[in-house]
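Chains as they are written, first to last, in my numbering: chain S, 9 to 142; chain L, 9 to 142.
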DNA sequence: TTACAATTAGTAATTATTATCAAAACTGGA
DNA sequence: TCCAGTTTTGATAATAATTACTAATTGTAA
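Here it is, written out as structure tokens:
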């Protein structure tokens with residue numbers, strides 16, 4: 009199956025890469041609408057799935073209610089804010105993780121792994137301090 | 009805030025621990041109904057949140073559409089099936105992960121981390137083989 | 001007991017996502 | 001270029017999971 013690069017796809021892809029964030033479908037919808045006001049939210053959802061299946065973007069299936077998509081398809085880990093659900097990329101040395109232990113874990117055939125660092129992002133830390141003062 | 013242990017809470021907690029699985033609210037609802045047929049699904053949702061805030065159970069905020077809850081609150085990692093979304097517990101040596109690199113990552117204050125091994129569980133592997141034969 | 005607070009069952013509302021479908025836009029020959 | 005077939009789109013309906021609301025019930029502590 010060959011991917012046809014429509015205008016909609018082009019702009020969705022461009023805006024996600026431009027943002028350098030891990031956007032949800034509706035956040036991306038808002039950005040794309042500026043260039044293509046008549047685009048449908050369904051088109052954004054549809055194409056995010058298609059683009060991630062084609063390997064042009066990544067799909068984060070981590071925490072939070074909404075799916076988020078990653079502009080960076082190279083191998084990396086994430087850091088995630090428990091308060092606002094913001095996600096950032098991380099590069100961490102992963103020495104010692106490809107062990108026999110993992111490879112045979114519970115009879116699973118392993119396709120990959122991900123390390124998620126969980127914490128509170130700088131913005132939410134500031135907010136929390138302000139809240140305390142009240 | 010002190011946690012009042014109601015009948016509903018007791019049974020929800022008991023059934024989750026008994027299952028030794030990572031159940032979603034509706035799966036647990038089905039189990040609990042056998043002992044308490046008039047319980048409401050909303051009560052299950054409500055109490056799963058309360059129990060996890062009280063630290064009596066864990067909340068998995070990982071992949072898949074539904075939230076899942078963990079009978080085991082001790083420190084451990086997970087292995088997760090990309091096909092059926094089943095989750096199992098794992099104990100893996102995590103040497104070399106508590107590095108300065110992580111502790112100061114992107115200005116976050118780190119509260120923890122989780123390693124998720126991703127793969128296909130034995131059951132889904134078997135199903136996939138059967139599918140191929142067709 | 002008796003008043004007050006917490007919890008419950010039942011249901012409505014909300015949120016995120018997926019499905020449906022007719023219209024529009026592409027594609028690759030004749 | 002025109003046409004037939006395929007894809008994709010926009011609009012909207014449907015679904016799934018969760019949360020909010022509310023009156024009734026239950027527990028608690030004086």
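Ideal Cβ placement from N, Cα and C applies to all residues, glycine included.
Checklist entry - Applying a beta-carbon distance threshold of less than 7 Å, which residues of chain L neighbour residue 65 of chain S? => result Chain L residues near residue 65 of chain S: none, gap ~17 Å exceeds 7 Å.
Checklist entry - Is residue 23 of chain S closer than 7 Å to residue 39 of chain S when the C-beta atoms are compared? => result yes
Checklist entry - How many Å lie between residue 135 of chain L and residue 31 of chain L at the Cα? => result 22 Å
Checklist entry - Using DSSP with H/G/I as helix, E/B as strand and the rest coil, what is residue 31 of chain S? => result strand
Checklist entry - Residues of chain L with CB under 7 Å from residue 27 of chain S, in chain order? => result Those within 7 Å of residue 27 of chain S in chain L number zero; the least Cβ separation is about 16 Å.
Next on the checklist: Could you tell me the alpha carbon to alpha carbon distance between residue 128 of chain L and residue 96 of chain L, rounded to whole angstroms?
Outcome noted: 11 Å
Item to check | N- and C-terminal bounds of the alpha helix (DSSP H) containing residue 52 of chain L | outcome: 49 to 61
Checklist entry - Is any beta-carbon of chain L found at less than 7 Å from that of residue 138 of chain S? => result no
Checklist entry - Just to check, is the beta-carbon of residue 115 of chain S closer than 6 Å to a non-hydrogen atom of the ligand ADP? => result By its list of ligands, the structure shown contains no ligand whatsoever, and the ligand ADP lies outside what it can speak to.
Next on the checklist: Just to confirm the assignment, what range does the beta strand (DSSP E) spanning residue 228 of chain S have?
Outcome noted: Residue 228 of chain S is absent from the model: chain S starts at 9 and stops at 142.
Item to check | Per-residue contacts from residue 123 of chain L into chain S (C-beta, under 7 Å) | outcome: 121 and 123
Item to check | For residue 87 of chain S and residue 18 of chain L, the rounded distance between their alpha carbons | outcome: 35 Å
Item to check | Pick from L/82, L/60, L/44 and L/91 that is closest to residue 76 of chain L, judged by C-alpha positions | outcome: L/60
Item to check | Assigned secondary structure, residue 96 of chain S (DSSP; H/G/I helix, E/B strand, else coil) | outcome: strand
Checklist entry - Any Cβ of chain S within less than 7 Å of the Cβ of residue 19 of chain L? => result no
Item to check | residue 5 of chain S versus residue 74 of chain L: straight-line alpha-carbon distance, rounded | outcome: With chain S covering 9 to 142 only, the question about residue 5 of chain S has no answer from this structure.
Item to check | Per DSSP, cross-strand counterpart(s) of residue 66 of chain S | outcome: S/78
Next on the checklist: Please return the same chain residues whose Cβ sits closer than 8 Å to the Cβ of residue 28 of chain S, not counting the five positions on each side in sequence.
Outcome noted: 79
Item to check | DSSP beta-bridge partners of residue 122 of chain L | outcome: S/124
Checklist entry - So with Cβ pairs under 7 Å, would you call residue 114 of chain L a contact of chain S? => result yes
Checklist entry - residue 129 of chain S touches chain L at which residues, Cβ-Cβ below 8 Å? => result 114, 115 and 116
Checklist entry - If residue 52 of chain S sits next to residue 66 of chain S, beta carbons under 8 Å apart, how far is it from one beta carbon to the other, in whole angstroms? => result Wrong, their Cβ atoms sit about 16 Å apart, outside the cutoff.
Checklist entry - Ordered along the chain, which non-local residues of its own chain (more than five positions away) have a Cβ less than 6 Å from that of residue 11 of chain L? => result 62
Checklist entry - residue 43 of chain S to residue 35 of chain S, Cα distance in whole Å? => result 14 Å
Checklist entry - Since residue 197 of chain L meets chain S, which of its residues come closer than 7 Å, beta carbon to beta carbon? => result Because chain L is modelled from 9 through 142, residue 197 of chain L falls outside the range shown and cannot be assessed.
Checklist entry - So which of S/119, S/121, S/99 and S/116 has the shortest CA-CA distance to residue 114 of chain L? => result S/99
Item to check | Residue-level contact to chain S via CB, residue 74 of chain L, 7 Å cutoff | outcome: no
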